[in-house]
Amino acid sequence: MRISVIGCGYLGAVHAAAMAKLGHDVVGLDIDEAKVAELAAGRAPFYEPGLPELLTETVATGRLRFTTDPAEVVGARVHFVCVGTPQKRGEFAADLTYVDAAFAGLLPYLTAGDIVAGKSTVPVGTAERLALDLAPTGATLVWNPEFLREGFAVKDTLHPDRLVYGVPAGKPGEDAKAVLDEVYAVPLSENTPLVVTDYATAQLVKVAANSFLATKISFINAMAELCEATGADVTGLADAIGYDARIGRKFLNAGLGFGGGCLPKDIRAFMARAGELGVDQALSFLREVDSINMRRRVRMVDLVREVCHGSIVGRRIAVLGAAFKPNSDDVRDSPALSVAAQMQLQGAHVVVTDPQAINNARKRWPDLTFADTAEEAATGADAVLLATEWAEYRDLDPEKLALVVNEKRILDGRNVLDPAAWRAAGWTYRALGRR
Ligand code: NAD
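Letter by letter, the sequence shown follows residues 1 to 435 of our numbering.
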């Protein structure tokens with residue numbers, strides 16, 4: 001099937017390549033010329049495991065191309081809209097400028113029978129409004145939220161854990177479902193669960209899922225605060241409650257909390273939308289979820305100060321990790337960089353390292369110092385903070401790292417190191433929510 005993908009960022013580039021891999025004929029459209037040039041050459045403009053190989057393979061088949069010319073979407077049966085929906089400046093609400101521009105740009109090229117599938121995360125009610133704009137063209141709108149995880153985006157797109165279609169009532173909805181079933185024929189043949197629903201539910205599914213995940217993380221981080229006040233150990237607590245199958249151990253890792261381009265802005269946009277709908281009380285708990293999350297960053301700076309005997313002024317602090325999570329170069333609202341920047345502002349000399357995200361981090365925080373490796377960052381450090389749990393930082397050898405630091409102080413911002421091993425090597429080990 002001929003498909004267009006509008007917006008080729010973390011979501012759209014992977015979606016475009018994955019659709020080509022599934023056998024479709026795909027054109028990816030973006031307004032960013034540099035990004036399009038990279039993608040057209042079969043190169044990934046950001047770090048995502050498996051994407052370079054997938055791009056090389058699918059661009060070579062001739063079934064995947066990229067363009068900045070909107071007219072090239074003509075002839076596609078399905079148009080996936082994957083543009084960004086960041087937080088508005090100074091407000092909690094989502095900025096829909098890019099979605100509105102993408103739809104406005106698409107309208108002149110649509111013909112009757114086309115399907116426009118919204119994948120961006122939008123406030124509930126957006127699809128209903130956009131469907132009215134599309135009506136005169138004879139195209140049908142479907143809301144098809146995306147659940148991929150950065151770091152696993154290729155696998156998640158080729159083998160999703162579920163598919164959700166928000167379709168209009170009646171024949172247009174049935175026809176649109178049939179077309180999307182054809183697009184996703186391969187994952188559907190693997191028994192991927194499919195939920196076919198209305199626009200409102202489809203839009204809510206995405207923000208509800210992210211709100212639940214954010215709540216689970218903030219729940220364990222709230223328990224970490226209790227553990228800190230009582231001398232209990234949050235990792236043991238998480239293990240013990242996680243054995244209850246109704247609770248589960250996933251997303252119960254206490255630490256620096258969540259960040260990135262989705263969870264923080266999605267829960268805030270959800271709260272803003274609930275306010276507009278007159279049901280703000282229903283989501284007032286998300287304000288607390290957000291506050292707990294942000295408090296962890298402040299607490300981490302305090303903990304670094306504590307291990308440095310009350311002051312970080314003039315101290316050299318190594319921060320291992322800049323990406324908001326491992327296996328990604330995405331630094332949007334990264335807890336690691338937020339803590340690094342706070343320490344720098346408070347007078348520390350902060351040296352940040354990351355296996356993939358240094359370039360993005362430098363663009364956002366040019367005042368920080370960056371090093372290529374953990375050893376380089378830790379050289380002469382008065383404290384080392386593990387802020388993003390990349391495998392290579394989890395596997396660091398405490399004996400070896402001890403040789404380069406000024407003071408053997410390790411702060412485990414993700415509760416992934418073995419405290420006994422680090423203490424045995426002479427380090428002062430501290431973590432959030434642990435003795
Ligand atoms: P992104 O910023 O990486 O990508 C957005 C892309 O859209 C950019 O390349 C931008 O140049 C392009 N763009 C903007 N306006 C355009 C236009 N008018 N025409 C064509 N291209 C245009 O953002 P992202 O992380 O890919 O997120 C996109 C959407 O997907 C958001 O709503 C996000 O919440 C949602 N989402 C993201 C993820 C994720 O893990 N990143 C997962 C699920 C859902």
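For glycine and all other residues, C-beta sits at the position ideal for the given N, C-alpha and C.
Counting only the same chain and skipping the five closest in sequence on each side, list residues whose C-beta sits under 7 Å from that of residue i.
{"i": "L237", "result": "M223 and C227"}
{"i": "A40", "result": "R65 and F66"}
{"i": "S334", "result": "G259, A322, A323 and F324"}
{"i": "Y184", "result": "L163"}
{"i": "F251", "result": "L213, K216 and I217"}
{"i": "A200", "result": "V124"}
Pull up the distance between the alpha-carbon of residue i and that of residue j, whole angstroms please.
{"i": "P187", "j": "E389", "result": "31 Å"}
{"i": "S211", "j": "L148", "result": "15 Å"}
{"i": "E376", "j": "M300", "result": "22 Å"}
{"i": "P49", "j": "R287", "result": "33 Å"}
{"i": "T121", "j": "W427", "result": "44 Å"}
{"i": "E437", "j": "G255", "result": "In this structure the chain extends from 1 to 435, so residue 437 is not present and cannot be described."}
{"i": "A341", "j": "L134", "result": "45 Å"}
{"i": "A60", "j": "T373", "result": "34 Å"}
{"i": "A412", "j": "L386", "result": "A small fix is needed here, since residue 412 is Asp in this sequence, not Ala. Their Cα atoms are separated by approximately 5 Å."}
{"i": "V298", "j": "P136", "result": "52 Å"}
{"i": "A282", "j": "V164", "result": "24 Å"}
{"i": "V331", "j": "K171", "result": "43 Å"}
{"i": "L11", "j": "N221", "result": "28 Å"}
{"i": "P70", "j": "K35", "result": "15 Å"}
{"i": "T215", "j": "L263", "result": "10 Å"}
{"i": "Q87", "j": "V99", "result": "13 Å"}
{"i": "A102", "j": "T157", "result": "22 Å"}
{"i": "E276", "j": "R423", "result": "52 Å"}
{"i": "I31", "j": "I6", "result": "9 Å"}
{"i": "V74", "j": "L110", "result": "7 Å"}
{"i": "A93", "j": "R414", "result": "29 Å"}
{"i": "L130", "j": "L107", "result": "11 Å"}
{"i": "D25", "j": "E57", "result": "13 Å"}
{"i": "D280", "j": "R273", "result": "8 Å"}
{"i": "D244", "j": "N253", "result": "15 Å"}
Using only the heavy atoms of ligand 1, determine whether one of them is closer than 6 Å to the beta carbon of residue i.
{"i": "P50", "result": "Looking at the sequence shown, residue 50 is not Pro but Gly. G50: no, Cβ never under 6 Å from ligand 1."}
{"i": "C227", "result": "no"}
{"i": "A44", "result": "no"}
{"i": "D32", "result": "yes"}
{"i": "E38", "result": "no"}
{"i": "V83", "result": "yes"}
{"i": "T157", "result": "no"}
{"i": "L11", "result": "yes"}
{"i": "Y98", "result": "yes"}
{"i": "G7", "result": "yes"}
{"i": "L29", "result": "yes"}
{"i": "C308", "result": "no"}
{"i": "E146", "result": "yes"}
{"i": "E150", "result": "yes"}
{"i": "T121", "result": "yes"}
{"i": "G261", "result": "yes"}
{"i": "A102", "result": "yes"}
By Cβ distance below 8 Å, which residues in the same chain neighbour residue i in space, the five residues on each side in sequence not counted?
{"i": "V313", "result": "Q346, G347 and A348"}
{"i": "G471", "result": "For the chain, the structure presents residues 1 to 435; residue 471 sits outside this window and is missing."}
{"i": "D239", "result": "R249"}
{"i": "K21", "result": "L54, E57, T58 and L158"}
For residue i, collect the residues of the same chain with a Cβ closer than 6 Å to its Cβ; drop the 5 residues on either side in sequence, then sort them by chain order.
{"i": "E407", "result": "D382"}
{"i": "P419", "result": "Y429"}
{"i": "V207", "result": "D266 and F270"}
{"i": "A425", "result": "P398, E399 and A402"}
{"i": "V378", "result": "Inspection of the sequence shows that residue 378 is occupied by Ala rather than by Val. Contacts found: A318, V384, L401, V404 and V405."}
{"i": "H309", "result": "none"}
{"i": "S218", "result": "V289, I292 and N293"}
{"i": "F46", "result": "D329"}
{"i": "R315", "result": "C308, A348 and D382"}
{"i": "G173", "result": "V167"}
Below 8 Å on the Cβ atoms is my guess for residue i versus residue j; work out the distance and round it to an integer in Å.
{"i": "D329", "j": "Q356", "result": "4 Å"}
{"i": "Q344", "j": "L320", "result": "Going by Cβ atoms, the distance from Q344 to L320 rounds to 15 Å, so no, they are not a contact pair."}
{"i": "F80", "j": "A117", "result": "5 Å"}
{"i": "G166", "j": "D198", "result": "6 Å"}
{"i": "G9", "j": "G84", "result": "6 Å"}
Item to check | Runs of alpha helix (DSSP H) lying entirely within the segment 106-178, each at least 4 residues, in chain order | outcome: 126-134 and 153-158
Next on the checklist: Give the list of continuous beta strand (DSSP E) stretches no shorter than 3 residues that lie fully inside the segment 195-236.
Outcome noted: none
Next on the checklist: At 4 residues or longer, what runs of the alpha helix (DSSP H) sit wholly inside the segment 261-293?
Outcome noted: 263-276
Item to check | In chain order, each beta strand (DSSP E) run of at least 3 residues that lies wholly inside the segment 7-67 | outcome: 25-29 and 64-67
Next on the checklist: Which complete beta strand (DSSP E) runs does the segment 335-368 hold, if anything under 3 residues is left out?
Outcome noted: 349-353
Item to check | Runs of alpha helix (DSSP H) wholly within the segment 400-435 (minimum 4 residues, chain order) | outcome: 419-424
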